[in-house]
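In what follows, a single structure is set out as structure tokens and then discussed.
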Amino acid sequence: MLLVENVQKSFRLPDGEPLPILNVPRFEVAAGEQLALVGGSGSGKTTLLHIIAGISRPDAGRVQINGTDITQLNEVGRDMFRANNIGYVFQTFNLLAGFSALENVLLGMSFCGRKPDEARAKHLLERVGLGKRFDHKPAMLSVGEQQRTAVARALVNRPKVMLADEPTASIDSRHQQQVLDLVRDTCREESVALVVVTHAPEVSAQFTRVERLEEINKVASS
Amino acid sequence: MSLWKIALRSIQQRGLGSTLTILSMALGVALIVAVLMAYSAVSHTFRRGAGGYEMIVGAKGGAAQLVLNTVYHFDRPIENIPWTFYKEFQPGGRYAPYVETAVPYCLGDSFESYRVVGTTPAMFDRLEYGAGKKYQFAAGRNFGAEAAHAAGEEHDHDHDHAHEKPRQPTMVSPDDDEEEEHHHDHAAPPHFMEAVIGSIVARTTGLGVGDTFEPTHGVTEGGDGHKHEPFKIVGVLAPTGTPNDQALFVNMEGFFLLDGHSKSGEHHHGPLPEEEREVTAILVRVNYANSPTAAMTVSKDINEGSVAQAVFPLQIISGLMDRFIGPIATILLVIAVLIVVVAAVSIVVGIYNSMNERRREIAIMRSLGASRGSVLSVVMLESLLLALCGGVAGFVLGHLLIGLAGPYILARTGVEIGAFQFPTMEIPFMEGVLVVPIELVLLPGLVLLAGVVGYFPARAAYKTDVSRALSNSA
Ligand SMILES: Nc1ncnc2c1ncn2[C@@H]1O[C@H](COP(=O)(O)OP(=O)(O)OP(=O)(O)O)[C@@H](O)[C@H]1O
Ligand SMILES: [Mg+2]
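As they're listed, the protein sequences go chains L and W.
Under the working numbering, think of the first position of the first sequence as 1, with each following residue one higher.
Under the working numbering, think of the first position of the second sequence as 1001, with each following residue one higher.
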């Protein structure tokens, strides 16, 4: 369902020298599959997620999602594809401060070209335990609640893939498990493939499939 | 959520900054609105000064001077014209068929800083101070009718009642024997010395009905003129918003009896003999019912003669407005427009200053699938909303300001101006073709301005590197 093939990415150093970050011959995720992606800091995990999401373009290679090679799409096409097929949750500051929890979730449906479905937004907020917090601004929510709102928003457009970049790293250990369970359960319910980037062994240990970036990434490290 | 709503939320989120920006925009727009309202009120008032009649007849000379002097009591009076010329406008005179009302206007005296005008009761009975606006008396009444010989028809019927009317005890028949008798044997009849004063004069001098005043000969302030016998105030005019609020009107008959007002310089006590009389101007209401071309016929005849000139005050006033007041209003407008431009720049500065926190928000929206075009639109809409809010607030503020200042302006200048006046303007290059309410020009102008200035931060939003923005603050 998600297939990354021969993807290469390098950044340019200030002196103009190219700095190779990624060279991924093959990385595959089946529909509805859940996996943890681990790796050292600066190894290129976030960079890979950006490429899968179509936020940045690889220098070479293919990224196929549900039969579409997004590297062949132009930018507007990738934006539209992302809106409809990919949910993204960051480590922190997922939400727009000026918008209520419900509005933040609705924002997830604002760019997909379809009519926003408020009932679904409310349903998902209730599902993540925020049924009474629709009108609350992010500042009135705890970090865990903000992450749960972000999860609801990531799922609101019924994506095929959910990308979560250290979604629980900013939450205390007690609530960390709660949010992680929520992400995994809702993705399972919605049959969404889930890639969770994490540094925490207690998080990765819960996944049957754990990928080390250093193993799938064949870049010649300096 | 629509892009509009996203833009609105972004504005709300930056409440204080947005409020300040809107405020400065509002001030600029309020100033524009106030200037335009004031200009339109001034020009309206200016034109209305001569609204009750079509033509002024006076001595040959500058047309503008005649108008300024007669309508606005401005500058020194010009030469007089002979009484015989005035008689041509009275029944039996050669211009009579073309004339509905002709009111004599005698200038040359003053009281404190105000003009004293010698005229007839017809000034207030027969003329209006604007289309359909009759003179009203806030207190008292019009002064008594002039002596019978001064103007024919309207006094003939008074003659029968002359003896029953205490304020017209000396009403005389037009034959010369009796008149002779008057100015040799009797004091001036009491109504000769009656006066009506304008509202501003009444307020500033404290004079009222029953008070008396002595005009000074010559209109200059200061001591060289000498005082005459007093006039008795019998009426105070209601405010008209015309320069007449700032004048004192006295019975022409009494005026003629003042020192220096007879050609010969002799002293008289009855009505001044015709051959001794002069008037400064004649205010003419043309009889269009009788002849549609009356105004042209009369003015052409007068101007071709050697005695007097006939001018159309509205025409002259429009010329003066365009020449002098227009440019002042233009300068004020340019200043106001600059304020609006500064306010627009402050919108840009505000958006730029918040660009750091926006970068993260833009990145989040992009991660949700927003295109570069969408984030560009949000920022453009934001600047548009700020400008429009400021514009509407400024519009209300401008009207409010004028509304509050209105009574004060009226009291000080005689310019009547209210909150619910909606000035219009002519579209440049289409003068005389298209006249629209200023909002129709102002609002699209603001939209255009917001678009131009909003483009710069919007382009920065458009160019945001999402990948980097997401990495930096995560
Ligand atoms: N826009 C960029 N320009 C230049 N270098 C970049 C850019 N983005 C990332 N890098 C570099 O690429 C490498 C990989 O970065 P990336 O953020 O993908 O690592 P990561 O595995 O997510 O690290 P962490 O676990 O700390 O989040 C880093 O060395 C980083 O400095
Ligand atoms: Mg990372």
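No residue lacks a Cβ here, since even glycine has one placed at the ideal position from N, Cα and C.
- By the Cβ-count criterion, L:R82 is buried, with 16 or more other Cβ atoms from all chains shown falling within 10 Å of its own Cβ.
- Neighbours of L:P116 in chain W, taken as residues at a C-beta separation under 8 Å, are given in chain order as M1001.
- With its beta carbon less than 7 Å from one in chain W, L:D79 belongs to the interface.
- Proximity of W:A1370 to chain L, defined by a Cβ-Cβ separation below 7 Å, is satisfied.
- The straight-line gap separating the alpha-carbon atoms of L:T46 and W:W1004 is approximately 32 Å.
- Excluding its 5 nearest sequence neighbours in each direction, L:I216 has C-beta neighbours in its own chain below 7 Å: V24 and F27, listed in chain order.
- Relative to the non-hydrogen atoms of ligand 2, the Cβ of L:T46 comes within a distance shorter than 6 Å of at least one.
- W:T1424 carries a strand assignment under DSSP once its states are collapsed to helix, strand and coil.
- W:I1362 has its Cβ no nearer than 6 Å to any heavy atom of ligand 1.
- Relative to the Cα of W:G1254, the nearest Cα in the group W:L1443, W:P1190, W:F1137 and W:A1139 belongs to W:P1190.
- At least one C-beta of chain W is nearer than 7 Å to the C-beta of L:H50.
- At a cut-off of 7 Å between beta carbons, L:R82 contacts chain W.
- In terms of CA proximity to W:A1289, W:P1097 leads the group W:A1064, W:P1097, W:G1369 and W:T1120.
- For L:K137 and W:T1240, the gap between their C-alpha atoms comes out near 59 Å.
- Under the DSSP assignment, L:Q8 falls in the beta strand (DSSP E) whose first and last residues are L2 to R12.
- In this structure, DSSP gives W:P1239 a state outside helix and strand, which the three-state scheme calls coil.
- In summary, L:M140 is exposed, with fewer than 16 beta-carbon neighbours lying within 10 Å of its beta-carbon over all protein chains present.
- Neighbours of W:E1361 across chain L, judged by C-beta separation under 7 Å: L96.
- Taking every protein chain shown into account, the CB of L:F99 has 16 or more other CB atoms within 10 angstroms, so this residue is buried.
- The Cβ of L:F99 sits closer than 7 Å to at least one Cβ of chain W.
- L:M162 sits in a strand when the DSSP states are folded into three classes.
- Residue pairing by DSSP places W:H1217 opposite W:D1109 in a beta bridge.
- For W:S1002, the shortest separation between its Cβ and any heavy atom of ligand 1 does not lie below 6 Å.
- If you draw a 10 Å sphere on the C-beta of L:H199, you find fewer than 16 other C-beta atoms in it, and that means exposed.
- Residues F1074 and D1075 of the same chain have their beta carbon placed closer than 6 Å to that of W:L1068, with the five preceding and five following residues left out of the count.
- Of the residues W:K1463, W:V1348 and W:Q1421, the one whose Cα lies closest to the Cα of W:V1033 is W:Q1421.
- Put simply, the stretch 1439-1449 of chain W does not touch the stretch 1359-1369 of chain W. Fewer than three CB pairs are less than 8 Å apart.
- Between ligand 1 and L:I21, a heavy atom-to-CB distance of less than 6 Å is present.
- If you draw a 10 Å sphere on the C-beta of W:Q1136, you find fewer than 16 other C-beta atoms in it, and that means exposed.
- As for any beta strand (DSSP E) of minimum length 3 sitting wholly inside the stretch 1275-1346 of chain W, the runs are 1281-1286 and 1308-1311, ordered along the chain.
- For W:K1133, the secondary structure class from DSSP, reduced to helix, strand or coil, is strand.
- Each of W:F1395, W:P1407 and W:A1450 was checked against the Cα of W:A1026, and the nearest Cα belongs to W:F1395.
- The Cβ atoms of L:D165 and L:V197 sit closer than 7 Å to each other.
- Legend: CB atoms of the stretch 1447-1467 of chain W lying less than 7 Å from CB atoms of chain L belong to residues V1466 and S1467.
- For L:V219, there is no enclosing beta strand (DSSP E), as DSSP gives it neither H nor E.
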